[in-house]
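Worksheet for the structure shown next.
2 protein chains.
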Amino acid sequence: MPLPAHIVAGQGQFLIDGSFGIGLEGYTEPRLVLARQRFLDRLSRETGIFFQGEAQASPASFTIKTGGASNPVQQLGEDESYRLDISTTHVQLTAANPLGVLRGLQTFLQLVKITPQGFGVPVAAIDDQPRFPWRGLMLDAGRHFMPVPVIERNLDGMEAVKLNVFHWHLSDNQGFRVESRQFPLLHEKGSGGLYYTQKQVGEVIQYARERGIRVVPEFDMPCHTTSWFIGYPQLASGAGPYQLETRWGVFDPAMDPTRESTYQFLDKFLGEMTALFPDAYFHIGGDECNEKEWDANPQIKAFMTAHGLQNDAALQSYFTARVQKLVAGHHKIMEGWDEVLQPDTPHDVVIQSWRGPSALAEAARKGNRAMLSAGYYIDLNQSAAEHYLADPLAGDGASLTVEQKARVLGGEATMWSEFVTPENVDSRIWPRTAAIAERLWSPQETRDVRSMYSRLAIISRQLEYYGLEHQSFTGLMLRRMSGEDDPEPLKVLATVVQPPEGYTRGGLKEYHTFTPLNRLVDAVPPESETARKFNDLAKLIAAGKASPEQWQEARNWLALWRDNDARLQPSLEKSEITAELAPLSRSLSQVAAMGLQALDDLQNHRVADATALQKNLQLLEAAKKPQAVLLDMVSPSVQLLVQATAAQ
Amino acid sequence: MPLPAHIVAGQGQFLIDGSFGIGLEGYTEPRLVLARQRFLDRLSRETGIFFQGEAQASPASFTIKTGGASNPVQQLGEDESYRLDISTTHVQLTAANPLGVLRGLQTFLQLVKITPQGFGVPVAAIDDQPRFPWRGLMLDAGRHFMPVPVIERNLDGMEAVKLNVFHWHLSDNQGFRVESRQFPLLHEKGSGGLYYTQKQVGEVIQYARERGIRVVPEFDMPCHTTSWFIGYPQLASGAGPYQLETRWGVFDPAMDPTRESTYQFLDKFLGEMTALFPDAYFHIGGDECNEKEWDANPQIKAFMTAHGLQNDAALQSYFTARVQKLVAGHHKIMEGWDEVLQPDTPHDVVIQSWRGPSALAEAARKGNRAMLSAGYYIDLNQSAAEHYLADPLAGDGASLTVEQKARVLGGEATMWSEFVTPENVDSRIWPRTAAIAERLWSPQETRDVRSMYSRLAIISRQLEYYGLEHQSFTGLMLRRMSGEDDPEPLKVLATVVQPPEGYTRGGLKEYHTFTPLNRLVDAVPPESETARKFNDLAKLIAAGKASPEQWQEARNWLALWRDNDARLQPSLEKSEITAELAPLSRSLSQVAAMGLQALDDLQNHRVADATALQKNLQLLEAAKKPQAVLLDMVSPSVQLLVQATAAQ
């Protein structure tokens, strides 16, 4: 995963043992030698077999043939194709440059599996290249700081699924996260002590380059900028003084686009940051201005009148155009969110579309290049399937001309960090981002959701080997909140609940930047695998297509959930954190009992009377509402079963 | 854990919330500031609550009062005592120097637990200091190289249980693991590319110092030195050429103690290494010379005759005395294994006793300082209880005079690495080393095994929070060997088997340095907790003291194990690694069935006839033998039950 563009499967398998070694042919560079070592380390993790760094046997059992160098700074659209020929005795990986080699090595790693003969890879010939050249993950380090090890392990995850852009959201109202030597009060006053040194930034960029990943920084402006104004209030449109924002939402502070001093500051700042980040693209944000500070400032109003700027959108457009010139002056191509696209936006500005496929298509029609992020908001707790089926060239995009379509560069998963910490962020990114990575790499017609989920389970396991903590974090957090070594009934509850989708969470409870994210909602993955599988069963049963084994499986699940409450309740009150789960656990038990009753009714072709049915459906509606900021994901399936009893 | 020397428990608890902060009073230094940050990071891990680096409230809820500095290079016997006063509103940690502060912070971290009111620490006054000044962990990086992250996470574990010496076994027949600038062929030819750079060594020493841990290097000589001779054959007593050893055992190669050039080399080498490692002690090994090369070399024989050296022991003694002078010349105190103790060994040489308490007592009587490692060989898969009850001042040690007892410095757990890799080494060290740490820190009369096991379970969980992988590795390895996401029946088998104790493993199968350690024996902890708990049940039942619930629990376990084979067998053959487990799984099922029968017989006061009894006991003897290099740990308990049926 992502599924390669072309696979021809063969007979037999290539076996991996201690004699396995890799020879480098053709062009070579230190990055390839490092990649080989990293590959062998991972293969060791996958097999428990030790390998020598250099091929021992001659000829080596695995040969890498590299055509030539890639660019010193990785460019958008560089060739990432590769060919992988696996026979029973030899593997040949061929690529035009090191980028293709990196991609091909990951494909091989994903094919390794244990067999009766040992660890092996099936014989195959694979010809592969990406569908889109810009396949990214955005990580918001502004709202919750993410230490370098978190970034690095996620870069490892990105490499595994062939993503090639790490978009680093580095400043927001709640924090400014990079050391600035030109304007040290930015990080000194704007970060609460949590920022990346320039040395660390350099290390992350190097780490990413070794994995074939570009690093695009984002400094969001003119809004989302409270953290700048603590040290430099003169940039702001309001009177100040400013304090670091500790709430979540859209806030008033905005840069003053009317003063020349603002642009002088930004020019110097951009000079420093464009030198620190070598990538050709530079993201200036530009989203979500609420414009209240502008409207309240008479000088700004006067400037607008004087310059014929009819409204706040025009004022932002003026600001964006000025900043674009500064960015271009530092030899970078500007990127921004949907809002930066205005009638006179230069064509080389790249648009990141958070508003949706229509906004994306509009940008492409106007002649700008653009990428999709709407549909890939992995902070919103949607299912992998929903993300998977969002296609940059679906909907409005399908009607673009060939030339316009070529302006659609790809997409980016966006990990906004209101509700994640270094502890659980991996679980919001993985494994769902692997589904997005497949959407962006594999041919458009690769859309089988069932196949996606089965392969997602495999890559998810593999990512744990690579150091990601998206699976292991749940166990640690459940132990912590319960104070028990093996809180088995709590685990049962945890497998069938999910955080609510979208932006509802913020409305259910008050959160600020220092609210502990240590509750059950923080400890479960965004998508319950158990509930998804049970839902498949419920659909089969409701449709009269389930086998006796499937009926029995459904009964077993429901009985487990019905009986779990009695086991769980006594321990819940022992912890301030789990006490709030009592109603949710009780409700799950009731819902499961109702599900068992529905199964009985279905099996005996009994039709419940209308009053009882209505009552049950009402109870189910109530059970589907969030409790303790969590959704019981069994209810929708039980609802299916109850409805089926009425339909018999 | 280790249990403090004095605790006075109070009423109520100190609650931890986001306002928690730490103030430093009295003496301060960067190490204390770092320790505070690390403490807050861990407290965050333990609670999921965010804390600010500096105390927000004034006065801070937690005050650290440090009397003064500790030595620039940590010395043996420095004051590590501290006092911890926990009230409902405030915590006061007082210590003479930063070492005591480090120890006290760990005590506090271990007291945090979730309660109905939130995370809290019980009110108490704790006065604590160590029983022994030398409390170590030896890690053998010679046989299997251990990368720096492995070392670092184990230093974290050491800090958590108040160990204060990291003994780094850096060279052996199978590898020389430190960069030498004086003699680069040592690491270039003797390590297979796996060695620590001097920069890394410095970083490890710094990392250890921050945690109050001394680093004592060991370069084993004159034997265990094959890896030296590949680059420098002129040091050897044999003709060479030499190759890196890939087998396990005791081998012939030995340095030539008769040539002056050997001492010139060693003097220069020791000059380099004593400068790299700042600790006052320097370990030269000296163990297990088989002397074959000496006996086969006529020049060496002639030298012995000329110098009146009657036998090989005298020759080694001559060598040791020469090396001791070189070590002393570089201002270090020499340390060595038992063998270096000879009649004329200088009194300042420290003896590490692997032969046992008598050898330790002998050294102390002779006037040398010494420490115990016999009993703490954590590579031998003994139980935590066995290690826990081994006391440096028990047995022969008990009869020492007060003055002689003062020469017993403490002890060291020794992690020899024939059968561990970076992947499972944590599981051989932890949690059992915490029991050894308690032996060396807590008062001698702290010996309750049941209490030790209950506290060991808690610290074990805590160590996982700190990044150790001694619990999580099993899940990953079982998934890998089975190729299944959740190999439930394999897990059931894994919980009741253990690697064989002592040195038997090497006799059961041929192993060399590159043998993959990826089988079930490598994936299970050295001590089965489930089997230990079942054994407690079996003893109660056999003694007629079990409650009805305990009877039922035993039945449930046995039924699970009896039925597990049918669930497990079909999947075993799918993997080359698990195929060998078929007989073991079958045998467990038979043993469990026999156990259930014994329970029935006991409950119904039925006495089995003598022939059937004999047959069963024979089957159990067979089941107790290793299969697939693993012991079924249920058999001994079932044996108890079967024997009990005969005794009714």
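Residue numbers (numbering that gives the first Met the number 0), protein chains in the order written: chain Z, 0 to 647; chain C, 0 to 647. All C-beta atoms, glycine included, are put in the ideal place defined by N, C-alpha and C. Computed from a prediction, not measured in an experiment: that's the story for all the values here.
Suppose the cutoff is 8 Å on Cβ atoms and the five residues either side in sequence are ignored; what does the same chain contact list for Leu654(C) look like? Residue 654(C) lies beyond the stretch modelled for chain C, which goes from 0 to 647, so this question has no answer here.
Along the chain, where does the beta strand (DSSP E) containing Phe165(Z) start, and where does it finish? Locating residue 165(Z) in the first sequence gives position 166, counting from the first residue. Looking at the DSSP string, the run of the beta strand (DSSP E) that includes Phe165(Z) is Val164 to Asp171.
Around the C-beta of Gln497(C), are 16 or more other C-beta atoms found within 10 angstroms, so that it is buried, or is it exposed? Reading the second sequence from its first residue, position 498 is the one you call residue 497(C). Counting Cβ neighbours within 10 Å, Gln497(C) comes out buried, since at least 16 surround it.
Rank Tyr452(C), Pro569(C) and Gly506(C) by C-alpha distance to the C-alpha of Arg531(C) and give the top, closest one. Taking the second sequence and counting its residues from 1, the one referred to as residue 531(C) is at position 532. Closest by alpha carbon: Tyr452(C).
Less than 8 Å separating the beta-carbons of Phe281(Z) and Val339(Z)? Translated into the one-based positions of the first sequence, residue 281(Z) becomes position 282. Translated into the one-based positions of the first sequence, residue 339(Z) becomes position 340. No, these two residues do not count as a Cβ contact at 8 Å.
Going along chain Z, which residues have a C-beta under 8 Å from Leu104(C)? The residue given as residue 104(C) occupies position 105 in the second sequence. Simply none; closest approach about 19 Å.
Taking 8 Å as the cut-off, decide whether the C-beta atoms of Gly211(C) and Leu98(C) are in contact. Counted from its first residue, the second sequence places residue 211(C) at position 212. Counted from its first residue, the second sequence places residue 98(C) at position 99. Yes, these two residues count as a Cβ contact at 8 Å.
Would you grab the beta carbon distance between Gly409(Z) and Trp133(Z) for me? Rounded to a whole angstrom, and I think it's under 8 Å. Position 410 of the first sequence, counted from the first residue, corresponds to residue 409(Z). Position 134 of the first sequence, counted from the first residue, corresponds to residue 133(Z). The Cβ separation is near 4 Å, so the contact holds.
Determine whether the Cβ of Tyr376(C) lies closer than 8 Å to any Cβ atom of chain Z. Indexing the second sequence from 1 puts residue 376(C) at position 377. Closer than 8 Å: no.
Is Leu23(C) near Ile48(C), with beta carbons less than 8 Å apart? Position 24 of the second sequence, counting from 1, holds the residue named residue 23(C). Position 49 of the second sequence, counting from 1, holds the residue named residue 48(C). Not closer than 8 Å, so no.
Based on Cα-Cα distance, which residue from Glu487(Z), Glu463(Z) and Glu579(Z) lies nearest to Val520(Z)? Within the first sequence, residue 520(Z) is the residue found at index 521, counting from 1. Minimum Cα distance to Val520(Z) is reached at Glu579(Z).
Interface partners of Lys112(C) on chain Z, CB under 9 Å: As a working mapping, residue 112(C) is identified with position 113 in the second sequence. Gly482, listed in chain order.
What does Ile576(C) reach in chain Z if we use C-beta pairs closer than 9 Å? Translated into positions along the second sequence, residue 576(C) becomes position 577. Within chain Z, the residues near Ile576(C) are Gly47, Ile113, Gly117 and Phe118.
Which residues in the same chain have their Cβ closer than 7 Å to the Cβ of Leu2(C), if we skip the five residues on either side of it in sequence? In the second sequence, counting from the first residue as 1, residue 2(C) sits at position 3. Cβ neighbours of Leu2(C) beyond the five flanking positions: Glu437, Ser441 and Thr445.
Scan the segment 357-384 of chain C and note each continuous beta strand (DSSP E) run of 3 residues or more that stays entirely inside, going in chain order. Those beta strand (DSSP E) runs which fall completely within the segment 357-384 of chain C and span 3+ residues are 369-371.
Under the rule that 16 or more other beta-carbon atoms within 10 Å means buried, what is Asn603(C), buried or exposed? Working through the second sequence from its first residue, we reach residue 603(C) at position 604. Per the 10 Å Cβ criterion, exposed.
Is it right to say Ser426(C) is buried, meaning 16 or more other beta carbons lie within 10 angstroms of its own, or is it exposed? For the purposes of this step, residue 426(C) is taken as the residue at position 427 of the second sequence. Buried, by the Cβ-count rule.
State whether the segment 24-44 of chain Z contacts the segment 139-146 of chain Z, with contact taken as three or more CB pairs (one from each stretch) at a distance under 8 Å. In short, these stretches do not touch, since the Cβ pair count stays below three.
Would you check if there are 3 or more beta carbon pairs closer than 8 Å linking the segment 267-278 of chain Z to the segment 299-311 of chain Z? Between the segment 267-278 of chain Z and the segment 299-311 of chain Z there are fewer than three C-beta pairs closer than 8 Å, too few to call the two in contact.
Rounding to the nearest angstrom, what Cα-Cα distance links Leu83(Z) and Leu92(Z) in this structure? Taking the first residue of the first sequence as position 1, residue 83(Z) is located at position 84. Taking the first residue of the first sequence as position 1, residue 92(Z) is located at position 93. Going by the C-alpha atoms only, they are around 5 Å apart.
Exposed or buried, which one is Glu402(C) when buried takes at least 16 other CB atoms within 10 Å? Position 403 of the second sequence, counted from the first residue, corresponds to residue 402(C). Flag for Glu402(C) reads exposed.
Closer than 7 Å by C-beta to Pro146(Z): which residues in its own chain qualify, once you throw out the five before and the five after it? Chain order, please. What you label residue 146(Z) is simply residue 147 of the first sequence in a count that begins at 1. Excluding residues within five positions, the ones whose Cβ falls inside 7 Å are Pro421.
Decide if Ala54(Z) is buried, meaning its Cβ has at least 16 other Cβ atoms within 10 Å, or exposed. Taking the first residue of the first sequence as position 1, residue 54(Z) is located at position 55. In this prediction, Ala54(Z) has a pLDDT of 48, which is less than 50 and means its spatial position is unreliable; what the coordinates show is noted afterwards. Buried is the call here.
Could you list which residues in chain Z have their beta carbon closer than 8 Å to that of Pro515(C), in chain order? On the second sequence, residue 515(C) is found 516 positions in, with the first residue counted as 1. Per Cβ cutoff of 8 Å: Gly17, Thr46, Gly47, Ile48 and Phe49.
Would you mind listing the beta strand (DSSP E) stretches within the segment 101-132 of chain C that are 3+ residues and don't spill past its ends, in chain order? 112-114 and 117-127
Can you say whether Ser574(Z) is buried or exposed, counting buried as having 16 or more other CB atoms within 10 angstroms of its CB? In the first sequence, counting from the first residue as 1, residue 574(Z) sits at position 575. In the assembly as shown, Ser574(Z) is a buried residue. Its beta-carbon has 16 or more other beta-carbons within 10 Å.
Buried or exposed, going by whether 16 or more other CB atoms sit within 10 Å of the CB of Asp600(Z)? Numbered from 1 along the first sequence, position 601 holds the residue referred to as residue 600(Z). That one is buried.
Residues, ordered as in the chain, of the segment 441-471 of chain Z that lie near chain C by beta-carbon distance below 8 Å: Ala456, Arg460, Glu463, Tyr464 and Ser471
Can you give me the Cβ contacts of Ala279(Z) inside the same chain, cut-off strictly under 6 Å, excluding the 5 residues immediately before and after it? In the first sequence, the residue the question calls residue 279(Z) occupies position 280. Around Ala279(Z): Ile332.
Chain-ordered neighbours of Lys573(C) on chain Z, where CB pairs are closer than 9 Å: Counting from 1 along the second sequence, the entry for residue 573(C) is found at position 574. The contacting residues are Ile113, Thr114 and Pro115.
Assuming Gly76(Z) contacts Ala95(Z) (C-beta within less than 8 Å), just tell me the rounded distance between them. For the purposes of this step, residue 76(Z) is identified with residue 77 of the first sequence, where counting begins at 1. For the purposes of this step, residue 95(Z) is identified with residue 96 of the first sequence, where counting begins at 1. About 13 Å separates the two Cβ atoms, so there is no contact after all.
Which two residues bound the contiguous beta strand (DSSP E) that contains Leu83(C)? Indexing the second sequence from 1 puts residue 83(C) at position 84. Here the beta strand (DSSP E) through Leu83(C) covers Tyr81 to Ile85.
Below 8 Å on the Cβ atoms is my guess for Ser170(Z) versus Trp227(Z); work out the distance and round it to an integer in Å. For the purposes of this step, residue 170(Z) is taken as the residue at position 171 of the first sequence. For the purposes of this step, residue 227(Z) is taken as the residue at position 228 of the first sequence. With a Cβ gap of about 7 Å, Ser170(Z) and Trp227(Z) count as contacting.
Taking just the CA atoms, how far does Trp429(C) sit from Pro29(C)? Indexing the second sequence from 1 puts residue 29(C) at position 30. Indexing the second sequence from 1 puts residue 429(C) at position 430. Distance between the alpha carbons of Pro29(C) and Trp429(C) is about 30 Å.
Which residue comes first and which comes last in the beta strand (DSSP E) that contains Glu334(C)? Here residue 334(C) refers to the residue found at position 335 of the second sequence. Ile332 to Trp336 is the span of the beta strand (DSSP E), which, as asked, contains Glu334(C).
Give the straight-line distance between the Cα atoms of Tyr194(C) and Arg152(C), rounded to the nearest whole angstrom. Mapped onto the second sequence, residue 194(C) falls at position 195. Mapped onto the second sequence, residue 152(C) falls at position 153. Their Cα atoms are separated by approximately 18 Å.
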